[in-house]
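Trainee:
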Amino acid sequence: MVSLLRNQKVRNALLQLLYVGSLAALVLAGFVIARRNLAEQGISSGFDFLYKSTGWDVNFSLLPATANDPYWWFFLIGIINTLFLGTVGLILATIVGTIVGLARTSSNELAQLLGRTYVDIFRNIPLILQVFFWYALITHLPAPRAAHEAWGFLLTSRGLYVPIPNVGGVAMALAMLAVIAAMALPIWLGRTSRLSQPVGQRSAIQLAGAAVALVGAILVLMIGRLPDAPLLDFPALQGLNLRGGLRIPPEFSALAIAIAIYGGSYIAEIVRGGFKAVGKGQMEAALSLGLSPWRVFTLVRLPLALRAMLPILANQYVWLMKATTMGIAVGFTDFFMIVALAINHSGQTLEAIGILMAGFLAINLSLAAIFNRINKAIALKGNQLRG
Amino acid sequence: MEPIVLAPPAPGKVEDLKRRFFATPLQALVSLICLAIMVFLAWKLLDWAIFSAVFTVTGGPEACQAAAGACWSVIAARWRIILFGLYPFEEQWRSALACVTVVVMTVLSCIPAFWTGRRIALVWGAGAALFYGLMKGGVLGLPYVGEEAWGGLALTLFIFVTTCLIGFPLAICLALLRRSELPWISRTTGLIIDGVRSLPLISILFTFAIVLPFALPQWLVGDKLYRVIVGSALFFSAYQAEIVRGGMQGVPAGQEEAAMALGMSYWQRIGRIVLPQAMRNALPATINQFVISFKETSLVVIVGFFEILASGNAAYGTGEWRFAYVEVYAFIAFIYFIFVFSLSRYGAFLERRMAVGER
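Chains as they are written, first to last, in the numbering used here: chain A, 435 to 821; chain B, 168 to 526.
If you want it as structure tokens, here you go:
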């Protein structure tokens with residue numbers, strides 16, 4: 435027996451078994467105790483509750499939702515809300531971060547100072563404090579009767595009201611796709627090898643492509659327009675309430691603004707780091723080839739900087755997605771808040787926590803997969819890789 | 168014969184300004200726009216915060232609300248709630264002293280003379296014990312104050328300090344386990360670390376505060392405060408473990424091989440050769456992690472603690488000060504800013520200092 439313990443291999447195997455085994459035992463014990471405690475409260479375990487109707491409501495949903503809908507539908511709504519808020523926050527934060535980051539790398543010292551002040555202030559205040567601040571600010575706006583109005587937009591304590599076109603849902607979605615195509619088409623036309631024109635002399639084709647897509651979008655909107663209604667539906671006061679238009683609730687706007695500002699300050703630093711990583715020689719070489727400053731920027735500086743910052747940016751985006759869980763602080767029904775509500779109402783604690791973990795794991799993994807693909811596509815390849 | 172070196176003619180002040188800000192028409196335009204933005208914002212801010220602001224409590228909320236600028240009276244009237252929460256009024260000096268302890272402790276651990284494992288552990292251990300004794304009382308004639316009455320800045324600092332105190336050793340353990348040569352140990356640990364990192368902190372705090380009592384035997388449940396601290400320490404250690412591991416990867420393999428050749432045991436190799444060098448490599452990232460984790464202590468407001476953010480909400484949320492939310496949030500933001508900004512400046516200073524040695 436003692437000689438067996440002296441054997442390195444046996445000892446290693448025992449050590450590993452002990453480690454993994456004790457961890458597994460810990461988890462299992464917790465699981466068993468939780469099941470017994472929950473059973474004492476009359477809560478049966480299992481995923482049957484997913485098909486029961488919830489009996490409560492969500493305050494924000496992109497899909498139709500009523501209190502009669504089952505739990506699985508609400509979890510789906512939560513995930514979509516989280517992804518929607520995350521995507522909006524991510525886009526806004528990227529815009530803010532790019533502007534501030536460019537200001538920080540610009541040759542103008544005043545612009546640098548402005549950018550640095552922004553980053554120093556907003557990076558050093560916790561996100562949740564900023565969420566609370568914007569939420570308080572929006573809910574302290576005047577009531578609908580005394581709303582701030584500008585170009586058909588209404589700012590009230592009940593949220594921001596924006597005019598929307600009077601167009602059917604399908605037509606709206608098609609028009610959105612066409613607009614996205616109008617943005618993507620020029621990029622594709624500029625890079626594809628299927629055209630006979632040399633790269634760099636395709637601006638006419640690119641313009642035409644974008645124009646065709648945009649005209650398509652307008653046509654779709656015209657066809658899908660609702661009969662006997664004005665083109666735009668403006669929000670307006672009716673009695674004590676507001677009618678028409680699209681209401682963006684204060685919870686959503688507070689979160690989106692806070693994520694844009696806070697995330698923007700982090701992305702600004704990433705952008706700055708990316709531009710700093712571009713070798714000076716690269717730019718000097720491009721200038722000495724006679725490229726204009728704009729083309730040096732778009733053809734040399736930007737692509738090289740993008741390649742340097744993308745991996746870090748991917749991490750930041752994953753972080754931003756997780757930051758949407760702040761929604762619970764102001765009552766935005768994101769995925770986490772729906773799980774918390776489900777636990778409160780149904781008592782199915784273990785199952786709901788499991789769904790929460792699986793959901794975030796799936797979101798993180800798919801984001802990571804997307805960025806890995808992009809990263810691979812723009813990474814140095816083959817004989818470009820020289821020391 | 169020394170060669171005579173002529174300095175280039177020094178440019179005048181005006182030429183210098185011209186070259187820096189008005190070199191080209193575009194530069195001039197950008198400069199002017201930036202200057203205009205800065206002057207406008209600075210003027211608005213100063214006017215709001217100082218010139219048109221009300222500082223005294225005498226007029227009461229009504230006089231304050233009528234003023235065009237900030238209403239700092241709300242801070243003058245409610246600062247005790249914001250800083251100390253529900254801590255008993257006569258004992259609040261203890262809470263203040265406890266906060267000072269944390270600040271002193273942090274400053275001490277920023278001095279290189281304290282950067283040995285034993286000294287840093289001593290400073291933090293003694294500091295945490297002093298903090299705990301002051302806050303909780305029951306010794307040396309100090310009246311007892313239970314954790315449920317703690318609040319405000321002191322609670323924020325307590326959660327931060329204990330998170331680091333538990334999280335840091337745990338992080339080193341996790342990092343060592345993850346780089347273990349035994350595949351099952353390193354893989355399982357990697358799974359734990361990556362799993363924790365992929366979850367949002369709020370969900371972990373929620374699980375530890377509200378769900379865990381179901382899964383623990385009665386005698387292990389303990390106070391909610393300590394469960395949340397354990398959860399936040401776990402989260403901290405998962406991130407910090409990766410930082411420590413990164414630092415260890417930066418230590419040349421020859422170092423450990425040399426130690427092995429000298430016949431050092433595993434713990435000697437880790438404690439005397441690998442960890443000291445790894446911690447040095449990992450120091451800037453570690454400070455950054457401290458900064459992040461300080462900001463994230465504010466999330467405990469969601470699981471119902473009366474830390475500085477919640478006490479701020481309470482300070483303006485009731486009755487007559489309802490309108491003064493901007494001032495309260497500005498005050499809390501300022502407190503966070505002082506802590507976080509000085510820590511991150513210190514991190515940047517360290518990074519520069521270490522870069523000198525590597526040139």
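Ideal placement from N, C-alpha and C gives every residue a C-beta, glycine not left out. Quick caveat, the model's predicted, so the values are computed rather than measured.
1. Check the Cβ of Lys-756(A) against every Cβ in chain B and list those closer than 7 Å, keeping chain order.
2. Verify whether the separation of the beta carbon atoms of Val-730(A) and Ala-720(A) is less than 8 Å.
3. At the 8 Å Cβ level, is Cys-238(B) part of the contact set with chain A, yes or no?
4. Which of helix, strand or coil does DSSP assign to Tyr-751(A)?
5. For the ligand NAD, any of its heavy atoms closer than 7 Å to the Cβ of Gly-300(B)?
6. Going by the DSSP bridge assignment, what does Leu-589(A) pair with across the sheet?
7. CB-CB under 6 Å to Ala-748(A), same chain, minus the five flanking residues each way: which ones, in chain order?
8. Let me confirm a value: Leu-666(A) is counted as buried when at least 16 other C-beta atoms fall within 10 Å, else exposed. Which label applies?
9. Helix, strand or coil, according to DSSP, for Arg-820(A) in the structure here?
10. Below 8 Å CB to CB, which residues in the same chain sit around Leu-496(A) once its five sequence neighbours on both sides are set aside?
11. Beta-carbon of Asn-542(A) versus every beta-carbon of chain B: anything under 8 Å?
12. Rounded to the nearest angstrom, what separates Asn-446(A) and Trp-434(B) at their Cα positions?
13. Arg-187(B) CB to nearest chain A CB: under 8 Å?
14. Between the stretch 410 to 430 of chain B and the stretch 488 to 503 of chain B, can you find at least three pairs of beta-carbon atoms closer than 8 Å?
15. Once the 5 residues before and after Ala-237(B) are set aside, which same chain residues still bring their CB inside 6 Å of it?
16. Please report the distance separating the alpha-carbon of Glu-474(A) from that of Ala-811(A).
17. Closer than 8 Å is the cut-off here; do at least three beta carbon pairs connect the stretch 405 to 421 of chain B with the stretch 443 to 454 of chain B?
18. Considering only residues of the same chain and omitting the five flanking positions on each side of Met-743(A), which have a CB-CB separation below 7 Å?
19. Using C-beta distances below 8 Å, list every residue in its chain close to Val-395(B), excluding the 5 sequence neighbours before and after it, in chain order.
20. Of all Cβ atoms in chain A, is any one closer than 8 Å to the Cβ of Trp-351(B)?
21. Can a CB atom of chain B be found closer than 8 Å to the CB of Asn-798(A)?
22. Can you find the residues in the same chain that come closer than 6 Å, C-beta to C-beta, to Arg-364(B), ignoring five residues on each side of it along the sequence?
23. Going by the DSSP bridge assignment, what does Ile-682(A) pair with across the sheet?
24. Based on the DSSP secondary-structure assignment, which residues constitute the bridge partners of Val-649(A)?
25. Give me the DSSP bridge partner(s) of Cys-238(B).
26. Specify whether the stretch 602 to 618 of chain A and the stretch 644 to 655 of chain A touch according to this definition: at least 3 beta carbon pairs, one from each stretch, less than 8 Å apart.
27. What is the residue span of the alpha helix (DSSP H) that His-779(A) lies within?
28. CB-CB under 8 Å to Thr-268(B), same chain, minus the five flanking residues each way: which ones, in chain order?
29. Threshold first: 4 residues or longer. Then list the alpha helix (DSSP H) segments lying entirely within the stretch 232 to 294 of chain B, N to C.
30. Listed in chain order, which residues of the stretch 519 to 537 of chain A have Cβ atoms closer than 9 Å to some Cβ of chain B?
31. Could one say the Cβ of Tyr-496(B) lies closer than 8 Å to chain A's Cβ atoms, at least one of them?
32. Quick one: what's Pro-504(A) bridged to in DSSP?
33. From what residue to what residue does the alpha helix (DSSP H) around Leu-183(B) run?
34. Do the CB positions of Pro-498(A) and Ile-572(A) come within less than 8 Å of each other?
35. Between the alpha carbons of Gln-782(A) and Gly-697(A), how many angstroms are there, rounded?
36. Less than 8 Å between C-beta atoms, sequence neighbours within five positions excluded: which residues of the same chain meet that for Phe-506(B)?
Mentor: Result, derived from the coordinates:
1. Along the first sequence, read from residue 1 onward, the residue named residue 756(A) stands at position 322. Within 7 Å Cβ-Cβ: Pro-367.
2. The residue labelled residue 730(A) in the question sits at position 296 within the first sequence. The residue labelled residue 720(A) in the question sits at position 286 within the first sequence. Pairing Val-730(A) with Ala-720(A) gives a Cβ-Cβ distance under 8 Å.
3. The count along the second sequence starts at 1 and reaches residue 238(B) at position 71. No, its Cβ sits nowhere closer than 8 Å to a Cβ of chain A.
4. Residue mapping note: residue 751(A) aligns to position 317 of the first sequence, counting from 1. Here Tyr-751(A) sits in helix by DSSP.
5. In terms of ligand content, the structure shown is empty, and the ligand NAD therefore cannot be addressed.
6. For the purposes of this step, residue 589(A) is identified with residue 155 of the first sequence, where counting begins at 1. Looking at the DSSP assignment, Leu-589(A) forms a beta bridge with His-582(A) and Leu-594(A).
7. On the first sequence, position 314 is the one that residue 748(A) refers to. Closer than 6 Å at Cβ, skipping near neighbours: Phe-805.
8. Locating residue 666(A) in the first sequence gives position 232, counting from the first residue. So Leu-666(A) counts as exposed.
9. Taking the first residue of the first sequence as 1, we reach residue 820(A) at position 386. Summary for Arg-820(A): the model assigns pLDDT 48, below 50, so the residue's position carries little reliability, and this model does not support an answer.
10. Within the first sequence, residue 496(A) is the residue found at index 62, counting from 1. Once the five neighbours on either side are set aside, the close Cβ partners of Leu-496(A) are Ile-511, Ile-514, Asn-515 and Phe-518.
11. Numbered from 1 along the first sequence, position 108 holds the residue referred to as residue 542(A). For Asn-542(A), the answer is yes, since a Cβ of chain B falls inside 8 Å of its Cβ.
12. Position 12 of the first sequence, counted from the start, is the residue given in the question as residue 446(A). Position 267 of the second sequence, counted from the start, is the residue given in the question as residue 434(B). Distance between the alpha carbons of Asn-446(A) and Trp-434(B) is about 17 Å.
13. For this step, residue 187(B) is matched to residue 20 along the second sequence. Chain A contact via Cβ: present.
14. Counting Cβ pairs under 8 Å, fewer than three are found: no touch.
15. Translated into positions along the second sequence, residue 237(B) becomes position 70. Taking Ala-237(B) as the centre and dropping the five residues before and after it, the same chain places the C-beta of Trp-215, Ala-216, Ala-220 and Glu-494 closer than 6 Å to its C-beta, in chain order.
16. Here residue 474(A) refers to the residue found at position 40 when the first sequence is read from its first residue. Here residue 811(A) refers to the residue found at position 377 when the first sequence is read from its first residue. Rounded to whole angstroms, Glu-474(A) to Ala-811(A) spans 55 Å at the Cα level.
17. The stretch 405 to 421 of chain B, when compared against the stretch 443 to 454 of chain B, does touch it at the 8 Å Cβ threshold.
18. Counting from 1 along the first sequence, the entry for residue 743(A) is found at position 309. Ile-704, Val-705, Gly-707 and Gly-708.
19. Counting from one through the second sequence, the residue named residue 395(B) turns up at place 228. Result list for Val-395(B): Ile-326, Leu-372, Phe-375, Ala-376, Val-467, Val-470 and Phe-472, in chain order.
20. As a first step, residue 351(B) is located in the second sequence; it is residue number 184 there, counting from the start. Cβ-Cβ to chain A under 8 Å: yes for Trp-351(B).
21. As a working note, residue 798(A) is residue 364 in the first sequence. Judged by the 8 Å Cβ criterion, Asn-798(A) is in contact with chain B.
22. Residue numbering aside, residue 364(B) sits at position 197 when the second sequence is read from its first letter. Closer than 6 Å at Cβ, skipping near neighbours: Ala-405.
23. As a position in the first sequence, residue 682(A) is number 248, starting the count at 1. BP columns for Ile-682(A) point to Leu-594(A).
24. Here residue 649(A) corresponds to residue number 215 of the first sequence, with the count starting at 1. Per DSSP, none; premise fails for Val-649(A).
25. The sequence position of residue 238(B) within the second sequence is 71, counting from 1. BP columns for Cys-238(B) point to Val-221(B).
26. A contact exists between the stretch 602 to 618 of chain A and the stretch 644 to 655 of chain A.
27. To locate residue 779(A), count along the first sequence from 1; it is residue 345. His-779(A): member of the alpha helix (DSSP H) spanning 769 to 780, first to last residue.
28. On the second sequence, position 101 is the one that residue 268(B) refers to. Same-chain partners within the cutoff: Gly-294, Leu-297, Phe-298 and Leu-301.
29. For the stretch 232 to 294 of chain B, whole alpha helix (DSSP H) runs of length 4 or above, ordered along the chain, are 240 to 251 and 259 to 276.
30. Taking 9 Å as the cut-off between beta carbons, the residues of the stretch 519 to 537 of chain A near chain B are Ala-537, in sequence order.
31. Translated into positions along the second sequence, residue 496(B) becomes position 329. With 8 Å as the cut-off, Tyr-496(B) counts as an interface residue toward chain A.
32. The count along the first sequence starts at 1 and reaches residue 504(A) at position 70. DSSP output for Pro-504(A) lists Ser-487(A) as bridge partner(s).
33. As a first step, residue 183(B) must be located in the second sequence, where it is residue number 16. Residue identity differs from the one stated: residue 183(B) is Asp in this sequence, not Leu. Unbroken alpha helix (DSSP H) run through Asp-183(B): 180 to 188.
34. Your numbering for residue 498(A) matches position 64 in the first sequence. Your numbering for residue 572(A) matches position 138 in the first sequence. It is not a contact, given that the beta carbons lie outside the stated cut-off.
35. Taking the first sequence and counting its residues from 1, the one referred to as residue 782(A) is at position 348. Taking the first sequence and counting its residues from 1, the one referred to as residue 697(A) is at position 263. Approximately 34 Å, taken between the alpha carbons.
36. If you number the second sequence from 1, residue 506(B) lands on position 339. Leaving aside the five residues that flank Phe-506(B) on each side, the residues in its chain whose CB is nearer than 8 Å to its CB run, in chain order, Phe-461.
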